[in-house]
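Okay, structure first, notes after.
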Amino acid sequence: MPMLNQPSRKYRPFPQINLPDRQWPAQQITAPPRWLSTDLRDGNQSIIDPMDAVKKNRFFDLLIEIGVKEIEVGFPSAGATEFDFISGLVKSDRIPEDVLVQVLTQSREDLIRTSFESLSGARAAIIHLYNAVSPAWRDIVFRMSKDEVREIAVAGAKVMRDEAGARPDTDWHFQYSPETFSTAELDFSIEVCEAVMGVLSPTPDKPIILNLPATVEAATPNIYADQIEYFCRNLPNRDSAVISLHTHNDRGTGVAAAELGLMAGADRVEGCLFGNGERTGNCCLVTVALNMYTQGIDPGLDFSDIDRVIETVEYCNDLPVHERHPYGGELVFTAFSGSHQDAIKKGFEARGTQNDESWRVPYLPIDPADLGRNYEAVIRVNSQSGKGGFAWVLEQDQGLKLPKKMQADFSSHVQNMADELGRELNAADIWEAFKAAYHVQTANKHFQLVRYEESRTGDGTRIFAGTITVAGQEQSVSGRGNGLISSVLTTLEENFGLDLKVLDYTEHALGSGRDARAAAYLQCESGGRTIWGVGIDEDVSTASVRAVLSAANSALK
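Sequence positions in the sequence shown follow this note's numbering and run 11 to 567.
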């Protein structure tokens, strides 16, 4: 059946929240929230083949390593695999003292008791209770009244209270989620949460965590922010509650909803690394954390080696991280477009002369090096690329800093190769094209230097005397000029009739230290054509001689 031409007959716009004096749009995130990873629970229940014990333990270790302090480790009543993993973490003393593990349970007495049993012996833990409260669930799934739904939450809270009281050796923390919060009546969600708080008696020193899920994202993120602000304003004993966010990505704005929710007064964010989760996924903790980082806020999570984090997540979830995923994707720091490449190249050049550490490179919101990435993949060359692209690649790969005018000359060679191959050009491709275009380190060239000597006469004239290979045959030649390059040009003109006029000459070191090589670039005019020569050698004078012969070989073409 095709899409409806009048979708309003089937779908209704989500109602606005009556909050005319909303404050969140003027707020700014200035500090990181409490983070909770639900990769081992919500993420695990969303993959085709749930993680086995090996993968769960590897993921747990990764979360500890990057600095996550609250981890939802599973749903212990789901089965023996879940229960044994959670119990094993406790018994093997693998939970660091500064880390809180959390387990999820529906508001059913037997499931709650199983959840407490799985954490028996733990130093501290969070029991996370939930039940759905929205009209669709009350009317369609449960067929219950508001009072009956509220009573489910209250009954579960009483079991939690009693179980915790019977196990005083563990520092128990309580979390309650009015599931489907984002599609429920706000006042009813507050009413249910207040009733739960009445049973568990939280205090400012020992607050309850109230998690407000966008179980299915049904509205724009500003509406979710309105819901959070309304809830925070109207919840009795707000100082005895930590407001937690659990957003999903059904509309593609799970990260935005979490960020606006923090601006609206929330204290905590639940999510998964790289956004794994049911349907279109959970809020991506990596994205939210690194968004903060680019605003100068230390998120408290360490992604200094983001590729290793990705490797572990992909192995444990058996799902790829998309190439375009913010910050982590293989292509997110890559530019193919010529104008983009030129701007990035100039941005890096400007960093070499600026007086502070501020990051101001166009098209790169974050320094890839901060995440353990190098700059080799920042600019990649294909048929859409411009001269800035291959110039960057040559500089990064070979250390060559081509003069701007030479970049334009070499551009046609690169474009021809890209069109011929019909694919992305790698650094080796570009280097081969460069060597062929300017007769560098290739055997099949007409003029090739064997050896030479330079001397001066009494009047300062330079004399070039050397041996070069001409069409495969060694030949002794010489010539005079007012400098080394001039004497080589005279040699070529007198011996082979080549008339080359120098237009420009530049040189630079390749690397640093005593063993640094030199690169020389020579722009010449011959027969009305502009030609370029390139020379590379350990000695700068020899590099300039090779550059002249390179231009001579180009002139013959």
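We put the beta carbon where it would ideally sit given N, CA and C, even for glycine.
Model, not experiment: these values are computed from the prediction.
Collapsing the DSSP output to three states places Y385 in coil. Closest by C-alpha distance to Y462, out of L435, L210, T501, is T501. Proximity to A174 across E386, T516, T540, H138 peaks at H138, based on C-alpha coordinates. Excluding residues up to 5 positions away in sequence, G398, W402 lie with their Cβ nearer than 6 Å to the Cβ of K355 in the same chain. Comparing alpha carbon positions, the residue from L566, F444, G77, V113 closest to R51 is V113.
About 16 Å separates the beta carbon of D94 from that of F69, a gap too long to meet the 8 Å contact definition. A Cβ-Cβ separation of about 5 Å places T304 in contact with I376 under the 8 Å criterion. Relative to V512, the option among G538, F457, D525 whose CA is nearest is G538. Contact between the region 258 to 278 and the region 219 to 236 is present: three or more C-beta pairs spanning the two stretches fall below 8 Å. One thing to note: G310 has its Cβ no nearer than 8 Å to the Cβ of C294.
When the five nearest sequence neighbours on each side are left out, the beta carbons in the same chain lying within less than 8 Å of the beta carbon of R383 are those of I316, D317, F343, in order along the chain. Taking A132 as the centre and dropping the five residues before and after it, the same chain places the C-beta of V100, I105, V111, T180 closer than 8 Å to its C-beta, in chain order.
Residue range 472 to 480 is occupied by the beta strand (DSSP E) that includes F474.
Counting only runs of 3+ residues, the beta strand (DSSP E) found wholly inside the region 22 to 75 occupies 44 to 47, in chain order.
Taking C-beta atoms as the reference points, S395 and F444 fail to come closer than 8 Å. Between N221 and S192, the C-beta spacing is not below 8 Å. Here DSSP, grouped into helix, strand and coil, assigns I162 to helix.
Per DSSP, reduced to three states, the secondary structure at T304 is coil, with no helix or strand assignment.
A contact is defined here as three or more CB-CB pairs under 8 Å, and the region 429 to 436 fails this definition with respect to the region 527 to 536. Between R160 and V209, the C-beta gap is not smaller than 8 Å, which leaves the two residues out of contact. The beta carbon of N327 sits closer than 6 Å to those of I57, N286, all from its chain and outside the five residues before and after it, given in chain order.
With fewer than 16 other Cβ atoms inside 10 Å of its own Cβ, Q364 counts as exposed. The DSSP-derived three-state label of E430 is helix. In this structure, A565 places its C-beta atom within 8 Å of the C-beta atom of L510. With a cutoff of 8 Å on beta-carbon distance, D312 and I76 are scored as near each other. Comparing alpha carbon positions, the residue from Q237, P330, I200, P17 closest to N247 is I200.
Within the DSSP bridge table, the entry for N505 names no partner. Straight across, the Cα-Cα distance linking E484 with L412 is about 31 Å. Between L494 and Y515, the C-beta gap is not smaller than 8 Å, which leaves the two residues out of contact. Its chain contains L520, G521 as the residues whose beta carbon lies nearer than 7 Å to that of G409, once the 5 sequence neighbours on both sides are disregarded; these appear in chain order.
Here F284 is actually not in contact with V252; their C-beta atoms are around 25 Å apart, not less than 8 Å.
Counting only residues of its own chain and dropping the five nearest sequence neighbours on each side, E340 has a CB closer than 7 Å to the CB of E333. Leaving aside the five residues that flank Y140 on each side, the residues in its chain whose CB is nearer than 6 Å to its CB run, in chain order, S187, E189. Just measuring C-alpha positions, the residue of R490, S486, A481 sitting nearest G470 is R490. For Q33, the closest alpha carbon among the candidates I122, G476, L272 is that of L272. In this structure, A561 places its C-beta atom within 8 Å of the C-beta atom of W542.
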